[in-house]
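Enquirer: Numbering of the sequence shown is given in full-length UniProt numbering, commencing with residue 1 and proceeding in unit increments. Glycine included, every Cβ here is placed at the ideal spot set by N, Cα and C. Handing you this structure, nothing more for now.
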Amino acid sequence: MRNPIAFLIIGLFFGTGIGFMWAASQGITLDGHDHVTGHTGEMAEHDHSQMDAISVANDGNAPAISATLHPDSMSGYNLEVRTRNFTFTPQTVNAADTPNTGHAHIYVDGVKLTRLYGNWFHLSGLTPGDHVIAVELNANSHSPIHVDGQPVRTELTVRVP
Numbered sequence: 001m002r003n004p005i006a007f008l009i010i011g012l013f014f015g016t017g018i019g020f021m022w023a024a025s026q027g028i029t030l031d032g033h034d035h036v037t038g039h040t041g042e043m044a045e046h047d048h049s050q051m052d053a054i055s056v057a058n059d060g061n062a063p064a065i066s067a068t069l070h071p072d073s074m075s076g077y078n079l080e081v082r083t084r085n086f087t088f089t090p091q092t093v094n095a096a097d098t099p100n101t102g103h104a105h106i107y108v109d110g111v112k113l114t115r116l117y118g119n120w121f122h123l124s125g126l127t128p129g130d131h132v133i134a135v136e137l138n139a140n141s142h143s144p145i146h147v148d149g150q151p152v153r154t155e156l157t158v159r160v161p
């Protein structure tokens, strides 16, 4: 055994090749997977729409939300969410509600997709056509936050080619 490094490299080469051939014979592919279709970040039975809203006075300190969809150069869109008088607090989800803190829920065509704990989310897997993307602010208890009886929510429409 003059050169153990060479034998190691040759062994790795053939071992990897045999592994790929075995995987192919078992129907295993390495083509990735879709993160959106058929999945939701939350199960459908976790519908929070019937929860009591957290009412906030419109006194200049009320939370507000806006959003922009930016086309992603690889796939889908990057959803940028901007809030005013609101702090994302993922560390306190499911804890007691505190004023102007919590998380957001993202909806696509009226169906809840996931929770949002920050200002950006990559949205992919949208089928061709028009889609309504909504983002709604929620308290730690998942109750929607309302100002003047209306949910703190923004909606965007995107046309996917």
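With a CB to CB cut of under 7 angstroms and the five nearest residues on each side skipped, what residues in its chain are close to Trp161?
Expert: Residue 161 sits at position 161 when you count from the first residue of the sequence shown. Sequence inspection shows Pro at residue 161; the Trp mentioned does not correspond to that position. So the list reads Pro128, once near-sequence residues are dropped.
Enquirer: Assuming contact is defined by CB atoms lying nearer than 9 angstroms, are Ile133 and Thr157 in contact in what I supplied?
Expert: Locating residue 133 in the sequence shown gives position 133, counting from the first residue. Locating residue 157 in the sequence shown gives position 157, counting from the first residue. Going by C-beta atoms, Ile133 is nearer than 9 angstroms to Thr157.
Enquirer: What is the DSSP secondary structure of Phe86, reduced to helix, strand or coil?
Expert: The count along the sequence shown starts at 1 and reaches residue 86 at position 86. Residue state, collapsed to three classes: coil.
Enquirer: Please name the residue in Leu79, Tyr107, His146 and Leu69 whose C-alpha comes closest to that of Pro99.
Expert: Residue mapping note: residue 99 aligns to position 99 of the sequence shown, counting from 1. Among Leu79, Tyr107, His146 and Leu69, the Cα nearest to that of Pro99 belongs to His146.
Enquirer: Per DSSP, what kind of secondary structure is Thr127 in: helix, strand or coil?
Expert: Numbered from its first residue, the sequence shown carries residue 127 at position 127. In this structure, Thr127 counts as coil in the three-state DSSP scheme.
Enquirer: For a quick check, are the C-beta atoms of Pro63 and Val152 less than 9 angstroms apart?
Expert: Within the sequence shown, numbered from 1, the residue matching residue 63 stands at position 63. Within the sequence shown, numbered from 1, the residue matching residue 152 stands at position 152. Yes. Within cutoff.
Enquirer: Quick check on Pro4: does DSSP put it in helix, strand or coil?
Expert: Counting from 1 along the sequence shown, the entry for residue 4 is found at position 4. Pro4 falls in the helix class under three-state DSSP.
Enquirer: Suppose the cutoff is 6 angstroms on Cβ atoms and the five residues either side in sequence are ignored; what does the same chain contact list for Asn94 look like?
Expert: Taking the sequence shown and counting its residues from 1, one reaches residue 94 at position 94. Closer than 6 angstroms at the Cβ level, and outside the excluded window around Asn94, lies no residue.
Enquirer: Across which residues does DSSP place Asn138 in a beta bridge pair?
Expert: Residue numbering aside, residue 138 sits at position 138 when the sequence shown is read from its first letter. Answer by DSSP bridge pairing, in chain order: His103 and Pro144.
Enquirer: Is the beta carbon of Val108 sitting closer than 9 angstroms to the one on Leu123?
Expert: Here the question's residue 108 lines up with position 108 in the sequence shown. Here the question's residue 123 lines up with position 123 in the sequence shown. Contact flag set, yes.
Enquirer: Taking the beta strand (DSSP E) that Pro71 falls in, what are its first and last residues?
Expert: Position 71 of the sequence shown holds residue 71. From DSSP, the beta strand (DSSP E) with Pro71 extends over Ala64 to Pro71.
Enquirer: Can the beta-carbon of Phe121 be found closer than 9 angstroms to that of Asn78?
Expert: For the purposes of this step, residue 121 is identified with residue 121 of the sequence shown, where counting begins at 1. For the purposes of this step, residue 78 is identified with residue 78 of the sequence shown, where counting begins at 1. Yes, these two residues count as a Cβ contact at 9 angstroms.
Enquirer: Per DSSP, which one or two residues make a beta bridge with Asn78?
Expert: The count along the sequence shown starts at 1 and reaches residue 78 at position 78. Answer is His70 and His122.
Enquirer: Is Thr98 helix, strand or coil by DSSP?
Expert: On the sequence shown, residue 98 is found 98 positions in, with the first residue counted as 1. Coil.
Enquirer: For Gln150, which residues does DSSP report across the bridge?
Expert: The residue you call residue 150 lines up with position 150 of the sequence shown. Val147, per the DSSP bridge assignment.
Enquirer: Does DSSP put Leu156 in a helix, in a strand, or in coil?
Expert: Residue 156 sits at position 156 when you count from the first residue of the sequence shown. Looking at Leu156 - three-state DSSP - the assignment turns out to be strand.
Enquirer: Between the beta-carbon of Thr154 and the beta-carbon of Ser66, is there less than 9 angstroms?
Expert: Your numbering for residue 154 matches position 154 in the sequence shown. Your numbering for residue 66 matches position 66 in the sequence shown. Contact: yes.
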